[in-house]
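Engineer: Mind looking over this structure? Questions follow.
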Amino acid sequence: RPLSKERRSGQKQVHSHENWSLSPEEFEIWDRLYRIKESDGVKEPVLPQSHFETLENLEDISEHEEEATHKLSLSEWSIWQNRPFPTFMVDHSDRCYNFISVMEMIELLRNEQGDCSYELEIQPHLRIEDVHVQRNKSHLSVANSA
Amino acid sequence: MEAAEGEEGLLLTQRLRAAVHYMACGLCQEVAEDKGMEFSKQAMAPIAEITFRQCKNFAKDLEMFTRHAKQSTITTEDVKLLARRSSSYITQKSDEITSSDHIHRGKK
């Protein structure tokens, strides 16, 4: 395919220029093959900005045109996330496995009504000296039955 | 890691889980009252479990940060590094604690 041929020739030239920026040839290739233009009919992908509900947010929230962008979602495929996805060169991290485990746990709890199996399983292990008992003891079912 | 500690370690892990769950439910309750809403038990349980597992992440990172600084005692500086990617609330908090308690990282 002519496309991949062009891409490869573009890569070859990387060695010939030491600049951080694109060479005119690379720019031309980027502009023609990869750059998102209005005529493409696709929205520019943007990552969601972090926002802390319970803290003052010191990071400036830049107001971009929401309409023109496609905010990449980390939750719309949550039902796929209770199993490890394939990897290429980088293995899943412990953090990643923790995430998968909790997604699996949520999947198991999803259809439960009333008593929570997780709570029933660990409640016998609670030692009251381990926890800071709140003023209002009656607020927790755990406290009531413990 | 849990398995390597055997039966006793597993019991200890569950005890810790139970304590985290208890505290997490308490905090959820506060949020619920604040927001005028409710948490189902099935919603609080994963929050507790995430918290429990996040403690493992923090513990490992803190250990590595401390070792990276050629220290053996974890200090507030290491804790600040946990929050390096986000806003500086932790930095403010830690500075408050530092100024009131006079905690200083040992020299060199």
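Residue numbers (the numbering used here), protein chains in the order written: chain W, 4 to 149; chain X, 14 to 121.
Backbone N, C-alpha and C define an ideal beta-carbon position, used for all residues, glycine too.
Going straight from the alpha carbon of Leu29 (chain X) to that of Lys74 (chain W), what length do you get?
Structural biologist: Roughly 38 Å separates the two Cα atoms.
Engineer: I'd like to know whether the C-beta atoms of Ala58 (chain X) and Glu41 (chain W) end up nearer to each other than 8 Å.
Structural biologist: No, the pair does not count as a contact, with Cβ atoms beyond the cut-off.
Engineer: Let me know the secondary structure DSSP gives His54 (chain W) once reduced to three states.
Structural biologist: Three-state DSSP puts His54 (chain W) in coil, outside helix and strand.
Engineer: Residues in the same chain with beta-carbon distance under 7 Å from Ser107 (chain X), minus the five sequence neighbours each way, listed in chain order, please.
Structural biologist: Once the five neighbours on either side are set aside, the close Cβ partners of Ser107 (chain X) are Thr89, Val92, Lys93.
Engineer: If you reduce the DSSP assignment to three classes, tell me which class Thr64 (chain X) lands in.
Structural biologist: Three-state result, Thr64 (chain X): helix.
Engineer: Quick test of the definition: if touching needs 3 or more C-beta pairs under 8 Å, does the region 71-85 of chain X touch the region 47-55 of chain X?
Structural biologist: At 8 Å Cβ cutoff, the stretches do not touch.
Engineer: Pro27 (chain W) by DSSP, collapsed to three states: which one?
Structural biologist: Helix at Pro27 (chain W).
Engineer: Using a beta-carbon distance cut-off of less than 7 Å, what residues from the region 28-47 of chain X approach chain W?
Structural biologist: Those would be Arg28, Arg30, Ala31, Ala32, His34, Tyr35, Met36, Cys38, Gly39, Gln42, in chain order.
Engineer: Give a yes or no on whether the C-beta atoms belonging to Val105 (chain W) and Glu62 (chain X) are separated by under 8 Å.
Structural biologist: Yes. Within cutoff.
Engineer: When the cut-off is 8 Å and only beta carbons count, does Ile110 (chain X) lie next to chain W?
Structural biologist: For Ile110 (chain X), the answer is no, since every Cβ of chain W falls outside 8 Å of its Cβ.
Engineer: Tell me the DSSP secondary structure of Lys73 (chain X) in three-state form.
Structural biologist: Helix, per DSSP.
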